[in-house]
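K.L.:
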Amino acid sequence: MRTPGRTAASSDPRVHTHRNDQASNRNSMPSLQKLCFLASDTEIARSSREQLVAKYGNHPKEEAQIIVALGGDGFMLQVLKGTTKLDRPVYGMNRGTVGFLMNDYADEGLIERLNQAEEEIINPLAMTAIDAQGHTHRALAINEVALLRAGPQAAWLQIVVDGRTRLEELICDGAMISTPAGSTAYNYSAHGPILPIGSDVLSLTPVAAFRPRRWRGAILPKSARISFRVLDHEKRPVMADADGNSATNVVSVDVE
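Each residue of the sequence shown is one higher than the last, beginning at -3 in our numbering.
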């Protein structure tokens, strides 16, 4: 029997998630008393928050034992990024559209669901990008690191994995490395695979690949170090983005 329950807690440089895949008498989290409810800017999410606050009370996120996020996947990722320094678990309930990262919504039995959740860990991606001026840009991404063409011509990339050249030439609009948590976002729009939460893999996905035309990307172990080389940055400029933190006119990007 599968019991619903998945929480995520953020802790720089890792994000911890909790879920219970099977019914169990064991509690992997302490008994919870103080909750903080956060809702996305939709009517259904705000209404759900009002019901839950009336039932369970509400505390500032700095004082809460766990943060409950009400919305969709995008809001869940937003909450995770906004609470990285608090080291608080974040439990998502779906009041959005896709809800791949979220648990089903229910206002009854919430404390029991939280107490039965088991921990998983999502490791954010670390991006190190070097631009044409020699400047280094570093950022973390829970979702994905993407390289995108910054001009009218397609990007021309070389891909190296763990020191070994895996693709000599990729002509495309871009390419990205996605975590399981981010696999339902831009990665999915680019026809990349949805990765199970808690899986030890990353998705390498091209965006509108022209050559090799039929290349659809690859599934890599999460321990892999992926390096992108921009082969003609002057004629074919490329930008790099880690969950909104961008670097322009890059010549190389390392992701691990």
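Virtual Cβ for every residue (Gly too), placed ideally from N, Cα, C.
This one's a predicted model, so the numbers in the text were calculated from it and none came from an experiment.
Between the alpha carbons of K30 and G188, how many angstroms are there, rounded?
P.N.:
Roughly 39 angstroms between the two C-alpha positions.
K.L.:
Let's test the definition: count the other Cβ atoms within 10 Å of the Cβ of P148 and tell me whether it reaches 16, buried, or not, exposed.
P.N.:
Exposed, by the Cβ-count rule.
K.L.:
From the DSSP output, in three-state form, read off V247 for me.
P.N.:
Correct three-state label for V247: strand.
K.L.:
Could you tell me which residues DSSP pairs with A113 in its beta bridges?
P.N.:
None; A113 has no bridge partner.
K.L.:
DSSP has F224 in a bridge; who is on the other side?
P.N.:
For F224, which the question treats as bridged, DSSP gives the partners I155, V249.
K.L.:
Roughly how many angstroms separate the alpha carbons of S199 and S223, rounded to a whole number?
P.N.:
Roughly 14 angstroms separates the two Cα atoms.
K.L.:
Using beta-carbon positions only, say whether V157 and A220 come within less than 8 angstroms of one another.
P.N.:
Contact: yes.
K.L.:
Measuring CB to CB, does A151 end up less than 8 angstroms from D127?
P.N.:
In this structure, D127 does not lie closer than 8 angstroms to A151 by Cβ.
K.L.:
With a threshold of 16 other CB atoms inside 10 Å of the CB of G53, please say whether the residue is buried or exposed.
P.N.:
G53 comes out exposed.
K.L.:
For S44, count neighbouring C-beta atoms within 10 Å of its own C-beta (all shown protein chains included) and say buried if the count is 16 or more, exposed if not.
P.N.:
By the neighbour-count rule (16 or more Cβ atoms within 10 Å), S44 is buried.
K.L.:
What's the C-alpha gap between P233 and V251?
P.N.:
So the two alpha carbons sit approximately 19 angstroms from each other.
K.L.:
Are the beta-carbon atoms of V197 and P217 separated by less than 8 angstroms?
P.N.:
Yes, these two residues count as a Cβ contact at 8 angstroms.
K.L.:
Nearest to I155 by alpha carbon, out of I173, N139, A204, A243?
P.N.:
If we check each option's Cα against that of I155, I173 comes out closest.
K.L.:
Could you tell me whether the segment 61 to 75 touches the segment 85 to 92, using the rule of 3 or more Cβ pairs below 8 angstroms?
P.N.:
A contact exists between the segment 61 to 75 and the segment 85 to 92.
K.L.:
Identify the continuous alpha helix (DSSP H) that holds E46 and give its terminal residues.
P.N.:
First-last of the alpha helix (DSSP H) with E46: 39 to 52.
K.L.:
Under a three-way DSSP split, which group does M98 fall into?
P.N.:
If DSSP states are grouped into helix, strand and coil, M98 belongs with coil.
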